[in-house]
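Add 254 to the 1-based position in the sequence shown for the numbering used here, that's all there is to it. Everything on this sheet refers to the single structure shown next.
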Amino acid sequence: MSPAWRRDPFVLMVGYGVTAGAVATLAGVLVAGLVSGREQAIAALGIGLVAVIVLTSGLVMVRIILEGPRALVLPMGLLVFFAQVGLFAAVVLMLPWPRGAAQTLVGGIVVVVWQAGVVLGYARGRHALTPVAPERPSADGEG
């Protein structure tokens, strides 16, 4: 039997999300390099990494928020969303990316594939709840 942390939905969500995002990033880098050249491949790598880092950090922040007071979950979740969008936009706008469609396509694909990985991790980590009747002690005191 595997350790409990290996079956934890959150651990699987992060693991599957990061893995899926990394695979999508590498595939995007290869395609961008073949189609558009070295500069676009580097830009695709950068935007893919930024997307995976921003999305994964947001997932971790949401996990922390869910462990806090219930009254703050919705407003703090919205704050996390705005922080993710702001951070992603700041990185994209501040760095000197070459102009082209490669990083846009790779960024969008990485976001979707990362999300699919998170959903798959959640689905693999969930366990069916099977009600089990509590054992009753026998009349002779055993069991």
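Heads up, the beta-carbon is just placed ideally off N, CA and C, and yes, glycines get one too.
{"Asked": "Spatial neighbours of F342 in its chain, beta-carbon cut-off 6 angstroms, leaving aside the 5 residues before and after", "Found": "V308"}
{"Asked": "Under 7 angstroms between C-beta atoms of Q357 and I301", "Found": "yes"}
{"Asked": "Inter-residue Cα distance where the pair is F336 and R261", "Found": "30 angstroms"}
{"Asked": "7 angstroms Cβ cutoff met for Q294 and A305", "Found": "no"}
{"Asked": "7 angstroms Cβ cutoff met for G275 and V360", "Found": "no"}
{"Asked": "Same chain, Cβ closer than 8 angstroms to W367, five either side skipped, listed in chain order", "Found": "The question names Trp, yet the displayed sequence has Val at residue 367. Closer than 8 angstroms at the Cβ level, and outside the excluded window around V367, lie A274, G275, V277 and A278."}
{"Asked": "R292 (DSSP reduced to helix, strand or coil)", "Found": "helix"}
{"Asked": "Straight-line gap, T310 to L303 (C-alpha atoms, nearest Å)", "Found": "11 angstroms"}
{"Asked": "Neighbour-count burial assignment, M348, 16 or more Cβ in a 10 Å radius", "Found": "exposed"}
{"Asked": "Separation of V314 from P323, as counted between CA atoms", "Found": "16 angstroms"}
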